[in-house]
Structures are given as structure tokens and as C-alpha cells.
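Sequence lines, in order, name chains A and B.
Residues in the first sequence are numbered consecutively from 134, following our numbering.
Residues in the second sequence are numbered consecutively from 712, following our numbering.
Comments concern the structure below.
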Amino acid sequence: MQMTYLEAIADAIRLEMRRDERVFLIGEDIGTYGGAFKLTKGFLDEFGSKRVIDAPISEAAIIGASIGAALNGMRPVVEMQFMDFVTNGFNQLVTVAGTTAYRWSIPVPMVVRGPSGGGVGANPFHSRNSEAWFAHATGLKVVCPAFADDAKGLMAASMRDDDPVVFFEHKGLYRKIKGEVPEGEYIVPLGKARVVRQGMHCSIIAYGSAVHMALAAAEEVAKEGIDVEIVDIRTLVPFDEETVLESVRKTHRAIIVHEAVLTAGFGGEIAARIADKAFSYLDAPVKRVAAFDAPTPFAPTLEQAVLPNSTVIANTIRQTCSF
Amino acid sequence: MARKKTVGIPAEFRREMLRYMLMAREFDTAMLRLYRQGKAFGGVYSQLGNEAVSVGSALALDRTRDVLFPMHRNIGGHFVFGQTLDQLMLNHLAREGSQMRGTDGTGHYADPALRIYGNVSHLGAMIPVAAGFSMADAMRGITTVSMTYIGDGGAQVGEVHEALNFAAVHKLPLILIIENNQYAYSTPNSLEFACERLSDRALGYGMHGVTIDGTDVEIVYDTCLEAVQRARRGEGPSLIETVTMRMRGHAEHDDFSYVPKELLEEWAAKDPVERYIDRLDAGGVLSRAQAEEMRTEILAQMIEAIDRALDRPWPAAEEGLRNVFMTPTGEQR
Ligand SMILES: Cc1ncc(C[n+]2csc(CCOP(=O)(O)OP(=O)(O)O)c2C)c(N)n1
Ligand SMILES: [Mg+2]
Chain A
134 MQMTYLEAIA DAIRLEMRRD ERVFLIGEDI GTYGGAFKLT KGFLDEFGSK RVIDAPISEA
194 AIIGASIGAA LNGMRPVVEM QFMDFVTNGF NQLVTVAGTT AYRWSIPVPM VVRGPSGGGV
254 GANPFHSRNS EAWFAHATGL KVVCPAFADD AKGLMAASMR DDDPVVFFEH KGLYRKIKGE
314 VPEGEYIVPL GKARVVRQGM HCSIIAYGSA VHMALAAAEE VAKEGIDVEI VDIRTLVPFD
374 EETVLESVRK THRAIIVHEA VLTAGFGGEI AARIADKAFS YLDAPVKRVA AFDAPTPFAP
434 TLEQAVLPNS TVIANTIRQT CSF
Chain B
712 MARKKTVGIP AEFRREMLRY MLMAREFDTA MLRLYRQGKA FGGVYSQLGN EAVSVGSALA
772 LDRTRDVLFP MHRNIGGHFV FGQTLDQLML NHLAREGSQM RGTDGTGHYA DPALRIYGNV
832 SHLGAMIPVA AGFSMADAMR GITTVSMTYI GDGGAQVGEV HEALNFAAVH KLPLILIIEN
892 NQYAYSTPNS LEFACERLSD RALGYGMHGV TIDGTDVEIV YDTCLEAVQR ARRGEGPSLI
952 ETVTMRMRGH AEHDDFSYVP KELLEEWAAK DPVERYIDRL DAGGVLSRAQ AEEMRTEILA
1012 QMIEAIDRAL DRPWPAAEEG LRNVFMTPTG EQR
């Protein structure tokens, strides 16, 4: 069935809620209003206000209370109206949720999800890509889908997972990306990368919105006879190192792309793994394409300058392939 | 609700209050028009219904020595503190020549020369900052009143609590206005807090607190002036809840169909601008015809400033790649 990225996420949540009474939703304006992006439209009617909770603007309490409920047998799905506001609940997520399994051997099955990312002319506080913070936190799983089918399957997997998952939905993909999505139960296991384009000359490793930039760049350089392989890692934690290494061993070249800022981004981690475990296969230095190290600005001219795009990726492919 | 009699506000000052409220009102009219034309982006937050709060409170400050930390529905305060229409438009429309260089939008900018410090989107984040601004001056033996704002929804953010307690402990000259406009996005008061009045919290912090009618500019002014005087006497922070109604959606994309029509009608009858015009008219301070003349003149200025701003290009792309630090790190990318 054709679905947008947003509809696919909603579909996964709806099906899980029908199947598992322990699942409930909590967030700001998610009930009556159906969420700032209308992702939970109709949920209040179907599941009632006990399972679709409009909470006060208190991200720390929302996430903290969800942790408590998860400790006590529930499976909360928490919406951040914008993923940027997770900073207000950071302590709960990182300090409490992310350390509980390790210390107590008690599961904290919960998902914190919400729209992230830039390119939509929002402002620095409605555009951030903060996935690397959570990959660095320990004890949190980190998911960044790029396609509608993955968005559904990964959401279902996240909701069934016994660990806290931070689920980044790129708001620029919500209605722009549409695709065939399996009907009914559909699970994409966490920690499995997906080769979304086969190629011989160069590997691009990406996730989220960057996968689409990479696909556009690959089309462009294909006209010049450069054959690019694209690996969508889909989840940062757990990280599917093997699929990435396999691709690099085949193409001997690697470029990592993410929309988040360059410095201390997850691309650095991927580059290090490649250098460590596929060094002898490399014919060129591992390259990264990422946002300039700045907040995501408001004006379109500035935002375009700061964020990565397919042109920069295409140029990097050309450089890497002629190294 | 505490109601006070206004005595002795000079006629000239009352006309001034109206002028600022009309500026706030017509700024809205102009922004709404821009939004409908698809020329404004990034969210247009109407402050319709909040004019008396933002104007009355800012006027209670001394803009040569105090400091304003406005929020998204406080355009009136920007005018009171001397922000030019052109700068406001350039920032809202993110054009070349704007103080923020296109890096941020809506009402977020700061203008230290005017003693205006903006906000961030994260609700409540600037309240501790406002407290600290006053604290720095207190260390130098100077009393600088910081006035800042939060909504009925934003008041539930943890940092608000921390900041108020902090300000109370240190007896800082901080004034927090909680703008209770009944809704936080789509969420009504009943789902945001369980106390009767948000100013009840002041007792728990050990500070002064009061709830007032936010549609009456003179009540707002008087109440804030009293809080300012208290702060100047070294008696610490105040919490003022102003009760109003958000007369439009959260931002213009929101059709606010979740707000009962009767509620809007009820509050429309208490429109802060119209009511004040009536009062000044009845008191012989300014006739309605004169007020309408003032309004027309202001709206014309708004439209001109918009046209000037729209004539300016977007800021140069390179602006996005500089100033992340005040002192360049020397790193090349
Ligand atoms: C910490 C935080 N969480 C969520 C948001 C998203 N958000 C922006 S405005 C808003 C509602 C604000 O309501 P209120 O504080 O009552 O102010 P009003 O807009 O009514 O003036 C929400 C939920 C935010 N900006 N900051
Ligand atoms: Mg409100």
C-alpha cells in the first residue's frame, strides 16, 4: 500500500496499540489536535484519553513519567513536538533511561520519537539533528529511518524492543517521501543496514534525509559512468558494522553523509570503524559530507549553505573516485 | 482578581499607551496579510488580545536602565523599547541587514543597545538568563529590573520553577509575567495546571504574586509599576499572571477549531485595544476618530516597512558560515 513516511509511522503505532494494551502515547497536543504534524490524528478517538495523553509542556516530566510507567509494565511512546525539545528531557533519558538496564537489569521499554532535521526554513530550535548525542550516551538505541516502509518496520521494532529507543523522524520526509509499505504487521529489526543502491566504484554510508541526498548525487554521477553503492544504516545504535564493511571491501572507497553537523558526528564513528577494519581495502581516504558546524539557520540562503546537499556529495564522489 | 483604580496617568501618556497598542495590533494585521500572501515563513504568531500586557508591562520599565526579555507575543514591548519597524520586519522576514543576519527568525533577536534580549524557542529557557542579567548588575551594586514572560503552557517547564526559586533566594529584581491566554497550542488550562491561579505559586517561592485582567492596559501598567518599585527597593522578584485570551491560532497555520466559539466571542467584547479607545474617547483624552486616524497612519507605516524589507535580498549565504564563535577558532573546512 502506498503511504507517506508520516502515515507509515502512524500505521505502525496504531497497529501496535491495537495489538498491545500496554502501549500508550504521551506528548503535547497529540490528542485533540492530533499532534503538531497530525501524525496522531484520530488516535484519541480510537484509543481514548487514557492511552493518548495530552501532557503539560514538561518534557522532563513526560519522559520521566514514561520511564516510571515502563518500569511498571507499560510501553510508552513519547512524542517530542519537535525533537529539539528533547533537550528539556535529556537528563531523564540519558541519566535514568539509558542506565537502568545496566544497573538494575530491569527493562525500560519506551520510544521517544519526534520530528527532527532541517531544510524546511524553521529556525535553529526546530531543525536540529541530535542523534549523535544519544548514540554517545550509552544504553539508548537510536533509529533514523529514510523510507516509508522502514519507518513503519523500524517503529514497530522499536516499540517491541525492551530498551529505550530514540526515534528520529525527519520532518522534511514526512510528506515528501511516499512508498510501498507492507500492510499489517511489519517489522524491520534494529541493527540491520540496507543497501539501497548497488554499485561498484564507491560506497556512500548514510541515514535519514542524507540517504535521499546521496541517491540524487548517485544519479548525477551515474551519467559520468560512476557507479555508487549506498548503504542506509537505518539505526545508529545498534550499528550494523558488517554491512558497511562488506560494501567498502567491495568498492574500496567510502563517503559518509549525514545532515547533522560534522564535528563529533556519527560519521566520525563510522570512519573510524572503516579505518580500523577495512584499512587495507581502501583506495582513497574516507570522506565525510555533513552540515557546517553551526546551528541550523533560518534564512533559506543560510540554511542551504550550512546543510549538506547532493551537489556537494556528487563532487565528493568525483574526488574520491579520481583519487 | 485584583483590580485597581488608575489615578493620575497623564493624558499624553495614555495616548502613548494607545499608540503602542495600535502598533502591536497593526503589526499583526500586516504580518497576517504577509502570511496569507505566502511571504512570511517560519510561523506567524499573532499577539491579538495581548497588546495591553506587552505594552503596559514594558512601559512600567525604565528603558534606559531596565531590560526586556520578550516572548513571541510581545511585539508591543519591542516598540516600547525603541525597536524600529524596519529592524523588526527585516528580522521577521530574515532579510539582509537584519540584526540576526538571517540566522534566526520570528521574535528571537536581541538588541543590547536597546536593552532587548530575545528568546529561544524552548519555552522558559530565558527566565534563568533574565535572572542572571539582573544578578550581574546586583554584583556591581546596580538594580536592573529584568522583565520577562511565559505562557500558561510554558509555565510548566522545569526551568521556570528553578529560575523563580533562584530569583527569590537571591532577591533579584526579576518580574515574570505569566500570560494566561487560556491555551497552550491546543491544550487548555485544565490540562496544563491544577492550581486555581498561576500566581498562587508565588507564595511557594516566597515572592510577590498577583493575577490581573490582562486586557486592561492601565491595570497592567499599574501592577507592573508596583512590581518594578518593589524590585527597586530590593524586595525581590514578582510573579504577575495576566488573564487574556489568545484570539487566533497558536500560529497562523492553526485554525484553532478546538476553541469554543462562545469563548472567543466573550473575549472579543473585551478587546484591549477597542476598549481602551472607548475609554479614552469617553474621558475626552482622544476621540475615536483621532484613534482611527492614528491606526491608519500606523498601518501605512507597517506596509511601507514591509515593502522596504521585501525589497531587500536574503542575507548572503556566507553569513551562515561565520560567527559561530566570537573568536574564530582558525579551523578550516
Ligand atoms: C520546551 C518546549 N516544549 C515545547 C515547545 C513547543 N511549543 C511552542 S509554543 C507551545 C505552546 C505555548 O503555549 P503557552 O506557553 O501558553 O504560550 P502561548 O503560545 O499561548 O502564548 C508549544 C507546546 C517549546 N517551544 N518548548
Ligand atoms: Mg497560552
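Virtual Cβ for every residue (Gly too), placed ideally from N, Cα, C.
Exercise for the section: For Asp-863 (chain B), verify whether its CB is less than 8 angstroms away from any heavy atom of ligand 2. Expected result: Locating residue 863 (chain B) in the second sequence gives position 152, where the first residue counts as 1. Within 8 angstroms of the C-beta of Asp-863 (chain B) there is at least one heavy atom belonging to ligand 2.
Practice task
Mind checking who Asn-666 (chain B) pairs with in its DSSP beta bridge?
Solution key: Past the boundaries of the shown model lies residue 666 (chain B); chain B is included only from 712 to 1044, so the question cannot be answered.
Handout entry: For Gln-1012 (chain B), three-class secondary structure by DSSP
Key = Here the question's residue 1012 (chain B) lines up with position 301 in the second sequence. In this structure, Gln-1012 (chain B) counts as helix in the three-state DSSP scheme.
Problem - Residues, ordered as in the chain, of the segment 209-228 of chain A that lie near chain B by beta-carbon distance below 9 angstroms - result: Residues of the segment 209-228 of chain A with a C-beta less than 9 angstroms from any C-beta of chain B: Gln-214, Phe-215, Asp-217, Phe-218, Thr-220, Asn-221, listed in chain order.
Problem - Run of the alpha helix (DSSP H) containing Ala-347 (chain A), from where it starts to where it stops - result: Counted from its first residue, the first sequence places residue 347 (chain A) at position 214. Element bounds for Ala-347 (chain A): 342-355.
Practice task
Look up His-269 (chain A) in the DSSP assignment and say whether it is helix, strand or coil.
Solution key: Here residue 269 (chain A) refers to the residue found at position 136 of the first sequence. Three-state DSSP puts His-269 (chain A) in coil, outside helix and strand.
Practice task
Answer yes or no: the CB of Ala-265 (chain A) versus the heavy atoms of ligand 2, is any distance below 8 angstroms?
Solution key: Position 132 of the first sequence, counted from the first residue, corresponds to residue 265 (chain A). No - ligand 2 has no heavy atom lying nearer than 8 angstroms to the Cβ of Ala-265 (chain A).
Handout entry: Any non-hydrogen atom of ligand 2 within 8 angstroms of Tyr-894 (chain B) CB
Key = Mapped onto the second sequence, residue 894 (chain B) falls at position 183. The answer is yes for Tyr-894 (chain B).
Practice task
Enumerate in chain order the residues of its own chain whose CB-to-CB distance from Leu-975 (chain B) is below 6 angstroms, with the five nearest sequence positions on each side excluded.
Solution key: Residue numbering aside, residue 975 (chain B) sits at position 264 when the second sequence is read from its first letter. Nothing listed; no residue qualifies.
Handout entry: Own chain partners of Met-243 (chain A) with C-beta closer than 6 angstroms, once the 5 adjacent residues on each side are dropped
Key = To locate residue 243 (chain A), count along the first sequence from 1; it is residue 110. So the qualifying residues of the chain are Ser-199, Ala-203, Pro-209, Pro-297.
Exercise for the section: Name, please, each residue of chain A whose Cβ falls closer than 9 angstroms to the Cβ of Gln-810 (chain B). Expected result: Here residue 810 (chain B) refers to the residue found at position 99 of the second sequence. Here the premise fails: no neighbours, minimum Cβ distance about 12 angstroms.
Exercise for the section: Determine the burial state of Val-420 (chain A): buried for a count of at least 16 other Cβ atoms within 10 Å of its Cβ, exposed for fewer. Expected result: On the first sequence, residue 420 (chain A) is found 287 positions in, with the first residue counted as 1. The question names Val, yet the displayed sequence has Lys at residue 420 (chain A). It is buried - the Cβ of Lys-420 (chain A) has at least 16 other Cβ atoms within 10 Å.
Practice task
Would you list the one or two residues that DSSP bridges to Ala-339 (chain A)?
Solution key: For the purposes of this step, residue 339 (chain A) is taken as residue 206 along the first sequence, with counting starting at 1. The beta-bridge partner set that DSSP reports for Ala-339 (chain A) consists of A:Asp-365, A:Val-390.
Practice task
Ignoring anything shorter than 3 residues or poking outside the segment 835-887 of chain B, list the beta strand (DSSP E) runs there in chain order.
Solution key: Within the segment 835-887 of chain B, the runs of beta strand (DSSP E) at least 3 residues long that lie entirely inside it are, in chain order, 857-862.
Practice task
Note down, in chain order, each residue of its chain lying with its Cβ closer than 6 angstroms to the Cβ of Met-734 (chain B), except the 5 sequence neighbours on either side.
Solution key: Translated into positions along the second sequence, residue 734 (chain B) becomes position 23. Around Met-734 (chain B): Phe-790, Ile-1009.
Handout entry: Cβ pair count under 8 angstroms reaching 3, the segment 304-311 of chain A against the segment 346-363 of chain A
Key = With fewer than three CB-CB distances shorter than 8 angstroms, the segment 304-311 of chain A does not count as touching the segment 346-363 of chain A.
Exercise for the section: Taking only beta carbons into account, state which residues of the segment 148-172 of chain A come closer than 8 angstroms to chain B, listed in chain order. Expected result: Correct list: Glu-161, Asp-162, Thr-165, Tyr-166, Ala-169.
Practice task
Mark Phe-215 (chain A) as exposed unless 16 or more other C-beta atoms lie within 10 angstroms of its C-beta, in which case mark it buried.
Solution key: Counting from one through the first sequence, the residue named residue 215 (chain A) turns up at place 82. Buried, by the Cβ-count rule.
Practice task
Quick one: using the 10 Å Cβ neighbour count with 16 as the cut-off for buried, is Ile-786 (chain B) buried or exposed?
Solution key: By one-based count along the second sequence, residue 786 (chain B) stands at place 75. With at least 16 other beta carbons inside 10 angstroms of its own, Ile-786 (chain B) counts as buried.
Handout entry: His-385 (chain A) beta carbon less than 9 angstroms from that of Asp-409 (chain A)
Key = Mapped onto the first sequence, residue 409 (chain A) falls at position 276. Mapped onto the first sequence, residue 385 (chain A) falls at position 252. No. Outside cutoff.
Handout entry: is_contact[Phe-752 (chain B), chain A] using C-beta, thresh 9 angstroms
Key = To locate residue 752 (chain B), count along the second sequence from 1; it is residue 41. Chain A contact via Cβ: present.
Problem - Whole-angstrom distance between Leu-729 (chain B) and Glu-154 (chain A), CA atom to CA atom - result: Stepping through the first sequence from its first residue, residue 154 (chain A) is reached at position 21. Stepping through the second sequence from its first residue, residue 729 (chain B) is reached at position 18. Cα to Cα, the separation comes out at about 56 angstroms.
Problem - Counterpart residues of Ser-949 (chain B) in DSSP-defined beta bridges - result: Taking the second sequence and counting its residues from 1, the one referred to as residue 949 (chain B) is at position 238. Paired residues: B:Ile-886, B:His-919.
Problem - Contacting residues, own chain, Cβ-Cβ under 6 angstroms from Ile-889 (chain B) (five flanking each side not counted) - result: Position 178 of the second sequence, counting from 1, holds the residue named residue 889 (chain B). Contacts found: Ile-861, Ala-866, Leu-909, Glu-952.
Handout entry: Partner residues on chain B for Glu-436 (chain A), Cβ-Cβ distance less than 8 angstroms
Key = In the first sequence, residue 436 (chain A) corresponds to position 303, counting from 1. The answer, in chain order, is Gly-1031.
Problem - Contact set between the segment 890-913 of chain B and chain A, restricted to residues whose Cβ is under 8 angstroms from the partner - result: So the list reads Ala-895, Tyr-896, Ser-897, Thr-898, Leu-902, Glu-903, Phe-904, given in the order they occur along the chain.
Practice task
Indicate whether at least one CB of chain B lies closer than 9 angstroms to the CB of Gly-400 (chain A).
Solution key: Numbered from its first residue, the first sequence carries residue 400 (chain A) at position 267. It does not: the Cβ of Gly-400 (chain A) has no partner Cβ on chain B nearer than 9 angstroms.
Handout entry: Own chain partners of Ala-993 (chain B) with C-beta closer than 6 angstroms, once the 5 adjacent residues on each side are dropped
Key = As a working note, residue 993 (chain B) is residue 282 in the second sequence. Counting only Cβ-Cβ distances below 6 angstroms, and skipping sequence neighbours, we find nothing.
Exercise for the section: Kindly identify the DSSP beta-bridge partner or partners of Val-298 (chain A). Expected result: Counting from one through the first sequence, the residue named residue 298 (chain A) turns up at place 165. According to DSSP, residue pairing for Val-298 (chain A) in a beta bridge involves A:Val-244, A:Lys-274.
Practice task
Classify Leu-801 (chain B) as helix, strand or coil using the three-state DSSP reduction.
Solution key: Start at 1 with the first residue of the second sequence, and residue 801 (chain B) comes out as number 90. The answer is helix: DSSP assigns Leu-801 (chain B) an H, G or I state.
Handout entry: Local Cβ density within 10 Å of Thr-228 (chain A), reported as buried at 16 or more and exposed below that
Key = In the first sequence, counting from the first residue as 1, residue 228 (chain A) sits at position 95. Answer is exposed; the Cβ neighbour count stays below 16.
Handout entry: Cutoff 9 angstroms: Pro-430 (chain A) Cβ touching any chain B Cβ
Key = Taking the first residue of the first sequence as position 1, residue 430 (chain A) is located at position 297. At a cut-off of 9 angstroms between beta carbons, Pro-430 (chain A) contacts chain B.
Problem - Any non-hydrogen atom of ligand 2 closer than 8 angstroms to Glu-890 (chain B) Cβ - result: In the second sequence, residue 890 (chain B) corresponds to position 179, counting from 1. Indeed, a heavy atom of ligand 2 lies less than 8 angstroms from the Cβ.
Exercise for the section: Please compile the residues from chain B whose C-beta is within a distance smaller than 8 angstroms of the C-beta of Gly-254 (chain A). Expected result: Taking the first sequence and counting its residues from 1, the one referred to as residue 254 (chain A) is at position 121. What Gly-254 (chain A) touches in chain B: Phe-752, Gly-753.
Handout entry: Proximity below 9 angstroms, CB of Ala-343 (chain A) to CB of Ala-279 (chain A)
Key = Start at 1 with the first residue of the first sequence, and residue 343 (chain A) comes out as number 210. Start at 1 with the first residue of the first sequence, and residue 279 (chain A) comes out as number 146. Yes, they are a contact pair.
Exercise for the section: Answer yes if the segment 795-812 of chain B comes into contact with the segment 831-846 of chain B, meaning at least three C-beta pairs across the two stretches below 8 angstroms, and no otherwise. Expected result: No contact exists between the segment 831-846 of chain B and the segment 795-812 of chain B.
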